[in-house]
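Counting with this note's numbering, you get residues -9 to 264 for the letters of the sequence shown.
Here a beta-carbon is modelled for each residue, glycine too, at the ideal position from N, C-alpha and C.
Beneath this line is the structure, given in structure tokens, with notes to follow.
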Amino acid sequence: MILSMMTWTDVEKAFNRALIYSFSWTKALLVFPALVLCGILIVFCRALHFGASEWMGMSLVFLPILLSSSILLSVGVLVIRMYQLELKQVSWSIKKILVGSLDAVLGTSYLSIPPILLYLLLWMVLGIFFLMKEIPAVGHVFNTILLFIPFLLILGSILLCVFSVALLFFVAPAAAKFSAKRIQLAKVVVSLFRRDIFGSLILFFVALFPIGLLSLLLTWAAALTNVNFSYGERSWTLALEWFFMMFPFAAFLTPAVVFFFQFAVEATRLRSSE
């Protein structure tokens, strides 16, 4: 097992090393625009949610998460390659990395397509049950008896989002190394994960900790700001407020996202050394 054969000192060293290299203007120039784009997707979908039906509203909850994961996966490959060169103390330029990583970025884009397509399938099936519950007289009967099916469909959508986030941690380091070699990439990821599922999950949650902590603090601050200064009430005015508040969100989360990908590299090394 990973955690039994390596000490927490190893994890601490990996954590500190990844954290130290997280505050980089060059990496921030890549990650910040990507987070802004993800924020625009989320804000736009939340704005559309105001006047949307229940069925359309369901898609506007999960779809931006899946699309954002696709964007961050491509950016993560670039961040990881920068980090690997920094650890080797090799001089590099962002232009060379962008040109040299084009195949890797395009090669990893296919990984985000299956979760999106599968979610769209679940969403379309869920639409059938939204229609069934509107049938006069018998709609509530079908809704009561078959309620477990929408529950499973929504649970499946949530698990797809979790899977997409997990891809960023477990796949991005291997994708940065093996580029578009899909079969080899899949074998490496599966072999590393099978060695110790528990240890791999612990490292995954360690990588998520800075993002989770910052997100909690930022959301708390945003909630207090909305209570005292917001003029919008489920309108486009509120969407504009979210839009402008999204920029400081992205700025504060940028180092945490950089750390996430860099610790993914460290975690891969820790798992590979066992």
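Assuming S231 is part of the alpha helix (DSSP H), what are its boundary residues?
Along the sequence shown, read from residue 1 onward, the residue named residue 231 stands at position 241. Correcting the residue type first, residue 231 is Glu in the shown sequence and not Ser. E231 -> alpha helix (DSSP H) spans W226 to S262.
Nearest residue (CA-CA) to E76, options V255, T209, N218 and V33
Looking up residue 76 in the sequence shown gives position 86. The option with the nearest alpha carbon to E76 is V255.
Taking a contact to mean a Cβ-Cβ separation below 9 Å, would you say T227 touches A162 in this structure?
Within the sequence shown, numbered from 1, the residue matching residue 227 stands at position 237. Within the sequence shown, numbered from 1, the residue matching residue 162 stands at position 172. Not in contact: T227 and A162 (Cβ atoms no closer than 9 Å).
With distance defined between alpha-carbon atoms, name the residue in L142, L145 and F120 nearest to N133.
Against the sequence shown, residue 133 aligns to sequence position 143. Here the closest residue by C-alpha is F120.
Rounded C-alpha distance that separates M236 from F22
Taking the first residue of the sequence shown as position 1, residue 236 is located at position 246. Taking the first residue of the sequence shown as position 1, residue 22 is located at position 32. Cα-Cα distance, rounded: 11 Å.
Runs of alpha helix (DSSP H) wholly within the segment 10 to 96 (minimum 4 residues, chain order):
15 to 39, 44 to 77 and 84 to 90
Hey, would you say G66 sits closer than 9 Å to F250, going by beta carbons?
Taking the sequence shown and counting its residues from 1, the one referred to as residue 66 is at position 76. Taking the sequence shown and counting its residues from 1, the one referred to as residue 250 is at position 260. Taking 9 Å as the Cβ cut-off, G66 and F250 qualify as a contacting pair.
Cα-Cα separation, M72 to L63
Here residue 72 corresponds to residue number 82 of the sequence shown, with the count starting at 1. Here residue 63 corresponds to residue number 73 of the sequence shown, with the count starting at 1. Taking the straight line from one Cα to the other gives about 15 Å.
Going along the chain, which unbroken runs of the alpha helix (DSSP H) with 4 or more residues stay wholly within the segment 112 to 141?
129 to 135
So, helix, strand or coil for V161, using DSSP?
Stepping through the sequence shown from its first residue, residue 161 is reached at position 171. Looking at V161 - three-state DSSP - the assignment turns out to be coil, as it is neither helix nor strand.
Own chain partners of L208 with C-beta closer than 7 Å, once the 5 adjacent residues on each side are dropped
To locate residue 208, count along the sequence shown from 1; it is residue 218. F239 and F242.
Excluding five sequence neighbours on each side, which residues of the same chain lie with their C-beta closer than 7 Å to the C-beta of I84?
In the sequence shown, residue 84 corresponds to position 94, counting from 1. For I84, where only same-chain residues beyond five positions count, the Cβ hits under 7 Å are T16.
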